[in-house]
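Just below is one structure, and these are the notes that go with it.
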Amino acid sequence: MTIKEIQNEIIDEFSMFDDWMQRYEYIIELGKSLPLIKEDYKTEENLIKGCQSKVWLQGEQKDDKIVFTADSDAILTKGIIAILIRAFSNQKAEDIINADTEFIDEIGLKEHLSATRANGLVSMIKNIKMYALAFDAKNKN
């Protein structure tokens, strides 16, 4: 599936819920299915700066795609990074770089997070895009 198709699938899933309590519960459930990062990668280097809670993100290239794993010490944050990984993992670097993140606004996530969590969300997206830029640059050399 393309990033856009996955994002549309996520939007559809969130539209099934009537209120934000149900959506928060769903986000927490998604966090439980997160492809967990290996303990070796839970380093200062993989820690996302700007997050209220600890979030580790690691990406590696497999063939021509980037595969992300992550973890967090907070259940809601784990769900948020799970949504992002679902949208951007197993995709080509160029597609990640060029992908928009409008789906975050469409599911209403940013507006329902505290300011510090919203900043963390932006930092998570930025880190995913930085991985893509790094792998893209490496591939062109």
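Taking the UniProt record's numbering, the leading residue of the sequence shown gets 1, the next gets one more, and so forth.
Beta carbons are placed, not taken as given, at the ideal position from N, Cα and C, and that holds for glycine.
- Within the same chain, M124, I125, I128 come within 7 Å of L84 by CB-CB distance, once the 5 residues on both sides are set aside.
- Closest by C-alpha distance to D63, out of D12, S89, D40, is S89.
- Taking C-beta separations shorter than 7 Å and ignoring five residues to either side along the sequence, the partners of S53 in its chain run S72, D73, A74, T77, following chain order.
- Beta bridge pairing from DSSP links W56 with L47, D71.
- Put simply, the backbone Cα of I104 is about 27 Å away from that of A137.
- Cβ atoms of L34 and I3 stay farther apart than 8 Å, at about 18 Å.
- In the DSSP assignment, the residues bridged to K65 are K62.
- Each residue's CA atom was taken as its position, placing G31 and N98 some 25 Å apart.
- Linking L113 to F135 through their CA atoms gives a straight-line distance of about 31 Å.
- Between E9 and M1, the C-beta gap is smaller than 9 Å, which places the two residues in contact.
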